[in-house]
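Residue numbers (our numbering), protein chains in the order written: chain V, 1 to 225; chain L, 226 to 496.
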């Protein structure tokens with residue numbers, strides 16, 4: 001079984017070129033003996049016997065002219081860690097943004113789906129009295145009266161069985177209705193004067209941004225009676 | 226258990242309170258016990274039209290707050306012992322009304338009287354909603370004019386959504402009274418025809434009452450017009466009261482009743 005242990009040792013790497021250097025080094029080590037007791041001293045250059053003996057006497061660990069892996073100072077290490085962390089954060093941010101975008105896409109799809117579900121036709125057979133409102137996302141067929149003061153908002157097409165006295169806002173393709181003189185009819189944001197209906201059942205259409213109103217012949221349909 | 230009838234109109238000044246006073250007396254003359262309640266808090270005037278203003282000691286708010294018993298507060302009519310009246314408070318306004326207290330008051334009245342008639346305030350605000358809340362039947366009073374009809378239409382819409390009976394899945398009976406019809410104006414086409422009115426409102430017609438100058442004087446004196454045997458309006462109220470009591474009385478076409486003389490009729494033709 002391989003016996004192993006991993007630990008860090010502080011290295012004091014020093015080059016000695018001259019006799020003065022050796023003297024200076026000895027003085028420095030004397031002064032800071034307590035600090036360098038646990039260090040590994042790496043000597044480079046011409047090492048004298050005298051220095052070796054000194055180090056042995058002081059029982060300091062040392063090596064001469066060896067190649068050691070390039071170590072890094074604490075500050076450098078910290079910078080490295082910081083860099084790594086920043087990169088990591090950036091990646092998380094990117095992922096989060098991506099997630100957010102996906103979520104939004106999903107929500108939009110849900111709303112669209114809901115709209116599609118809502119866009120159902122409605123057949124309304126109750127009387128709509130003054131002050132009452134009816135909002136329909138899809139098509140609407142009104143089988144009962146729409147009194148003065150009542151309002152209808154239809155996103156789809158609109159057909160009314162009785163003469164309309166109230167107000168109608170419609171943004172569908174067609175409307176089939178007859179209106180009372182005081183009714184308020186708005187088709188695609190355009191107010192339609194009620195005299196244009198000539199007191200008869202009319203088909204209102206939007207063709208190339210032009211609203212056309214044409215009376216329906218009573219012989220051909222069951223509604224106008 | 227008595228029947229609770231709310232008399233409503235939406236618009237003010239169409240003759241709700243006058244109708245309540247006259248119908249109350251009419252029902253009392255039919256031999257039924259009837260209680261009238263003025264729900265127009267802060268603006269009471271049913272007491273004056275009944276000629277009972279000086280007999281009011283306690284009002285509806287006193288009863289609801291337990292300061293007086295129902296017996297103490299109900300004022301008996303001077304002309305018929307079947308008719309009783311509960312006044313509205315003049316000092317408190319509509320904000321003191323609470324559904325639970327009103328329910329108790331109405332339930333207590335229902336036990337004692339065959340008819341309980343509630344005089345609703347004009348408008349469609351809180352006071353109106355409280356009046357219709359526990360009613361079995363609503364009488365809608367309109368004048369033959371477009372604003373009155375649109376307001377009545379609105380009031381019916383609210384009645385159909387806010388009444389307790391509707392919330393319980395039942396239907397509130399609705400009857401129409403067309404008041405202040407001026408036959409000569411209908412004949413000349415200046416006034417809306419009755420058929421147009423119930424075409425719009427789509428509720429059952431209970432009766433038509435012609436305009437009668439005697440009503441103002443009757444109200445001022447506190448003698449409802451129904452006591453006047455020579456009044457066409459009084460006769461109309463008698464017929465309506467009988468219908469409410471379950472008698473089959475045909476609707477009289479008041480538009481063709483008298484006019485203001487043959488000359489006006491001829492003038493109407495040439496208009």
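The C-beta atom is built at its ideal place from N, Cα and C for all residues, glycine as well.
- Think of a sphere of 8 Å around the beta carbon of residue 132 of chain V: the chain L residues whose beta carbon falls inside it are 382, in chain order.
- Restricting attention to L:274, L:476, L:312, the CA atom closest to the CA of residue 260 of chain L is found in L:312.
- Straight through space, the alpha carbons of residue 245 of chain L and residue 338 of chain L are spaced by roughly 15 Å.
- Using a Cβ-Cβ distance cut-off of 8 Å, the stretch 297-306 of chain L and the stretch 390-407 of chain L are not in contact, since fewer than three pairs of beta carbons, one from each stretch, lie closer than that value.
- Residue 226 of chain L: not part of any beta strand (DSSP E); DSSP gives it neither H nor E.
- In the DSSP annotation of this structure, the continuous segment of the beta strand (DSSP E) that includes residue 61 of chain V starts and ends at 61-64.
- DSSP places residue 476 of chain L in the coil class of the three-state scheme, outside both helix and strand.
- In this structure residue 428 of chain L is buried. Its beta-carbon is surrounded by 16 or more other beta-carbon atoms within 10 angstroms.
- In the DSSP assignment, residue 214 of chain V is bridged to V:203.
- By the Cβ rule, the stretch 365-385 of chain L counts as touching the stretch 141-158 of chain V, because three or more pairs are nearer than 8 Å.
- Residues of the stretch 135-155 of chain V with a C-beta atom less than 9 Å from some C-beta of chain L are 144, 145, 147, 148, 149, 150, listed in chain order.
- Membership of residue 302 of chain L in any beta strand (DSSP E) is not indicated, and neither H nor E is assigned to it by DSSP.
- Look at residue 385 of chain L: its C-beta is under 9 Å from a C-beta on chain V.
- Under the three-pair Cβ rule at 8 Å, the stretch 36-50 of chain V does not count as touching the stretch 72-80 of chain V.
- Residues of the stretch 359-379 of chain L whose Cβ lies closer than 7 Å to any Cβ of chain V, in chain order: 375, 378, 379.
- Think of a sphere of 8 Å around the beta carbon of residue 425 of chain L: the chain V residues whose beta carbon falls inside it are 145, 147, 148, 165, in chain order.
- In this structure the stretch 379-389 of chain L does not lie against the stretch 402-414 of chain L, because fewer than three pairs of beta carbons, one per stretch, are closer than 8 Å.
- In the DSSP assignment, no residue is bridged to residue 324 of chain L.
- For a cut-off of 8 Å, the C-beta gap from residue 363 of chain L to residue 397 of chain L is around 6 Å, short enough to register as a contact.
- Residue pairing by DSSP places residue 15 of chain V opposite V:44 in a beta bridge.
- Listed in chain order, the non-local C-beta contacts of residue 182 of chain V below 8 Å within the same chain comprise 148, 165, 194, local neighbours out to five positions each way being set aside.
- The beta-carbon of residue 196 of chain V is placed no less than 9 Å from the nearest beta-carbon of chain L.
- In this structure, residue 275 of chain L lies near residue 449 of chain L, with their beta-carbon atoms less than 9 Å apart.
- DSSP links residue 167 of chain V through a beta bridge to V:151, V:184.
- In the structure shown, residue 380 of chain L falls within a helical segment according to DSSP collapsed to helix, strand and coil.
- Within chain L, the C-beta atoms nearer than 8 Å to that of residue 127 of chain V come from 427, in chain order.
- Counting the other CB atoms within 10 Å of its CB gives residue 230 of chain L a total of 16 or more, which places it among the buried residues.
- In the structure shown, residue 408 of chain L adopts helical secondary structure according to DSSP, grouped into three states.
- Your pair residue 273 of chain L and residue 447 of chain L checks out as a contact, with CB atoms roughly 6 Å apart and the cut at 8 Å.
- When only Cα atoms are considered, residue 104 of chain V and residue 96 of chain V end up about 12 Å apart.
- If the five residues before and after residue 197 of chain V are omitted, its C-beta is found closer than 7 Å to the C-beta atoms of 178, 179, 213, all from its own chain and listed in chain order.
- Less than 9 Å separates the beta-carbon of residue 159 of chain V from that of residue 140 of chain V.
- For residue 274 of chain L, the enclosing alpha helix (DSSP H) stretches over residues 271-274.
- For residue 352 of chain L, the enclosing alpha helix (DSSP H) covers residues 351-358.
- Around the beta-carbon of residue 291 of chain L, fewer than 16 other beta-carbon atoms lie within 10 Å, marking it exposed.
- For residue 263 of chain L, the enclosing beta strand (DSSP E) begins and ends at 259-263.
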